[in-house]
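Residue numbering for the sequence shown is 303 to 683, as defined by my numbering. Even for Gly, the Cβ is constructed at its ideal location relative to N, Cα and C. Working notes for the structure below.
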Amino acid sequence: MSHSYSTRKFLNIKDKNIIFPEDYFEEVKLNGITSFVFKGILSYQPTHCEHCGTLFDSNFKKHGFKTSRIIIPKVSLHDTYLVLKKQRYYCGHCQSTFTLKTSIVEKNCYISYNTKHAIALEAQNKSSECDIARRHQVSHSTVNRIIHSFYESQTLNFNDLPENLCFDEFKSVKSAEGHMSFIFCDADTKQMIDIIEDRRLTSLQTYFKRYTKEARARVKHIVTDMYAPYISLIKELFPHAKIVLDKFHLVQHISRALNKTRIRLMKKFKKHGRKFKRYWRLFLKSHTLLDTTTYRSVYCFKQPMREIDILNFLLDLSPELKATYELYQDLLFAIQSKNVNRFNHLLETEHPMISPELQTSFQTFKTYTSYIYNTLTTPYT
Numbered sequence: 303m304s305h306s307y308s309t310r311k312f313l314n315i316k317d318k319n320i321i322f323p324e325d326y327f328e329e330v331k332l333n334g335i336t337s338f339v340f341k342g343i344l345s346y347q348p349t350h351c352e353h354c355g356t357l358f359d360s361n362f363k364k365h366g367f368k369t370s371r372i373i374i375p376k377v378s379l380h381d382t383y384l385v386l387k388k389q390r391y392y393c394g395h396c397q398s399t400f401t402l403k404t405s406i407v408e409k410n411c412y413i414s415y416n417t418k419h420a421i422a423l424e425a426q427n428k429s430s431e432c433d434i435a436r437r438h439q440v441s442h443s444t445v446n447r448i449i450h451s452f453y454e455s456q457t458l459n460f461n462d463l464p465e466n467l468c469f470d471e472f473k474s475v476k477s478a479e480g481h482m483s484f485i486f487c488d489a490d491t492k493q494m495i496d497i498i499e500d501r502r503l504t505s506l507q508t509y510f511k512r513y514t515k516e517a518r519a520r521v522k523h524i525v526t527d528m529y530a531p532y533i534s535l536i537k538e539l540f541p542h543a544k545i546v547l548d549k550f551h552l553v554q555h556i557s558r559a560l561n562k563t564r565i566r567l568m569k570k571f572k573k574h575g576r577k578f579k580r581y582w583r584l585f586l587k588s589h590t591l592l593d594t595t596t597y598r599s600v601y602c603f604k605q606p607m608r609e610i611d612i613l614n615f616l617l618d619l620s621p622e623l624k625a626t627y628e629l630y631q632d633l634l635f636a637i638q639s640k641n642v643n644r645f646n647h648l649l650e651t652e653h654p655m656i657s658p659e660l661q662t663s664f665q666t667f668k669t670y671t672s673y674i675y676n677t678l679t680t681p682y683t
């Protein structure tokens, strides 16, 4: 598991285009206060120019970075910031430059959405705006503006719900019951509808029963992860909604199983432990993306190797690992390409050689076959 992935999970950053370099963290004094600073980089290939709308081609050039210091929720009661270097591009068609956007913060704003959500949640309790401002390192007027913009724009109509919804959770304020809060949005527009402080089933049942039966009956699809209370809630209160399991969580489920298998076998093959540890990314990488042409001098091997050679060397050490890896790749391809026939064939076939870790994930997939079918046959994820 990469430190970028772990850091994104730790900070509840959903934008996978943000990566963290080796020296991604430092403890500094800001205005005389000890603060935590995480340093990240936002870089991806844009689809078009923001100014003229021309689709991306060879006339687009990277044009340096724009650095922003973004306020994110506190870590261990320390003021915490994300110093984000956002890639800039130059468009040769209109001779203008633009900066890549991220989903964690509004354009031209330095306060993350997670911080705004935390402020809105904390405002539900008996607490002054000055106290909330001090706890979230923002000004009193900013807290007032966030509260009013959030609650005025989120006047709920309990007689209506979008036809397609997305359910998710995020790490909330310390005072939140259950430690995780619930958020749901319109699956088509991605517009957030509301936040519920407690994601536990009883709290969600109480909340959604405020909506009329007619409104809930009109919901056709709900995208969620494999969290059992969400599935129970949907079955109980949304009679016509199809459950769509989020593709990201499906891939994450089998990736973790393969990673656990690799770690267990790494301890068994101690002679090659460093190789297993250093080249863990190759196991999780889609087989089609492995380098099969370029030979390089690589750590732990005496001769130049391609990525495919390194992987094959490690897989050949264990038939169990090889079978587990091959099934992982087959499942990954079926999910990413939305190949229903391929996925069903894999579920119907016995795989006696795979590891217990992937066997558990495989049985989970069998349990949720109908929901995964919806994932592969609908555009929602």
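For N466, report the span of its beta strand (DSSP E) as first-last. In the DSSP assignment, N466 falls within the unbroken beta strand (DSSP E) covering 466-473.
From G355, Y581, A425, L458, pick the residue whose C-alpha is nearest to that of S398; which is it? Comparing Cα positions, the closest option is G355.
Identify whether Q426 lies in helix, strand or coil by the three-state DSSP scheme. In this structure, DSSP gives Q426 a state outside helix and strand, which the three-state scheme calls coil.
With three or more beta-carbon pairs closer than 8 angstroms as the criterion, would you say the stretch 507-518 touches the stretch 535-547? In short, these stretches touch, since the Cβ pair count reaches three.
Please state the DSSP three-state secondary structure of I497. It is a strand residue.
Quick check: what's the CA-CA separation for L332 versus T404? The C-alpha of L332 lies about 25 angstroms from the C-alpha of T404.
For L517, I'd like the list of residues in its chain whose CB is within less than 6 angstroms of its CB, leaving aside the five on either flank, ordered along the chain. Reading off the sequence shown, one finds Ala at residue 517, where the question assumed Leu. Cβ within range, chain order: N461, D462, L463.
Whole runs of the beta strand (DSSP E) within the stretch 599-661, excluding any shorter than 3 residues: For the stretch 599-661, there is no continuous beta strand (DSSP E) assignment of 3+ residues that stays within its boundaries.
Sub-8 angstroms separation of D496 and N466 beta-carbons: For D496 and N466, no; Cβs fall outside 8 angstroms.
Given a cut-off of 8 angstroms, decide if I449 and Y412 are closer than it, judged by their beta-carbon atoms. No, these two residues do not count as a Cβ contact at 8 angstroms.
F469 versus I498: straight-line alpha-carbon distance, rounded: If you take the alpha carbons of F469 and I498, they lie about 11 angstroms apart.
Cβ-Cβ separation, L623 to L633 (assumed contact under 8 angstroms), whole Å: The pair is not a contact, with the Cβ atoms about 16 angstroms apart (cut-off 8 angstroms).
Cut-off 7 angstroms between Cβ atoms - residues of its own chain near V445, not counting five sequence neighbours on either side: For V445, same chain residues with a beta-carbon under 7 angstroms away, outside a window of 5 residues either side, are I421, E431, I434, A435 in chain order.
What whole-angstrom Cβ distance do N319 and Y346 have, given they're in contact under 8 angstroms? The C-beta separation of N319 from Y346 comes to about 4 angstroms, placing the pair in contact by the 8 angstroms criterion.
Go through its chain and collect everything with a Cβ distance to R564's Cβ below 8 angstroms, but skip five positions before and after it. Correct list, in chain order: F578, W582, F585, L623.
Buried or exposed: where does G342 fall if 16 or more other Cβ atoms within 10 Å of its Cβ makes it buried? Counting Cβ neighbours within 10 Å, G342 comes out buried, since at least 16 surround it.
Entirely enclosed alpha helix (DSSP H) segments - the stretch 371-440, minimum 4 residues: Entirely contained in the stretch 371-440, the alpha helix (DSSP H) runs reaching 4 residues are, in chain order, 415-424, 431-437.
Tell me, please, whether the stretch 324-338 touches the stretch 355-367 by the rule of three or more beta-carbon pairs shorter than 8 angstroms. As far as the Cβ criterion goes, the stretch 324-338 does not touch the stretch 355-367, which means the pair count is below three.
With DSSP as the reference, label K544 as helix, strand or coil. Correct three-state label for K544: strand.
DSSP has I343 in a bridge; who is on the other side? Answer by DSSP bridge pairing, in chain order: I321, K387.
Compute the distance between the beta-carbons of I637 and L560, then report whether it is under 8 angstroms. Cβ distance not < 8 angstroms, so I637 and L560 don't count as in contact.
Can you tell me whether T417 is buried or exposed, with buried defined as 16 or more other CB within 10 angstroms of its CB? Using a 10 angstroms sphere on the CB of T417, the tally of other CB atoms reaches 16 or more, which defines it as buried.
Proximity to K364 [Cα-Cα], best of R390, F486, T679: Among R390, F486, T679, the Cα nearest to that of K364 is on R390.
According to DSSP, is S337 helix, strand or coil? It is a strand residue.
Taking 7 angstroms as the cut-off, does the CB of V553 come closer than this to any heavy atom belonging to the ligand SAH? With respect to small molecules bound, the structure shown includes none, and the ligand SAH cannot be examined in it.
Three-state secondary structure (DSSP) of I565: In the structure shown, the three-state DSSP call for I565 is helix.
Rounded distance between the beta-carbons of L616 and H653, thought under 8 angstroms: The beta carbons of H653 and L616 sit about 20 angstroms from each other, so the pair does not count as a contact at 8 angstroms.
According to DSSP, is V330 helix, strand or coil? Shown here, V330 sits in a strand according to DSSP, grouped into three states.
Please state if the CB of I556 and the CB of I545 are separated by a distance shorter than 8 angstroms. Cβ distance not < 8 angstroms, so I545 and I556 don't count as in contact.
Residues bridged to V525 (per DSSP): Its beta-bridge partners are C468, V546.
Beta-carbon spacing of Y682, V642 below 8 angstroms: No, these two residues do not count as a Cβ contact at 8 angstroms.
Distance, Cα to Cα, H523 vs V600? Roughly 48 angstroms separates the two Cα atoms.
When we look at the beta-carbon of A543 and count the other beta-carbons within 10 Å, is it buried (16 or more) or exposed? By the 10 Å Cβ count, A543 comes out buried.
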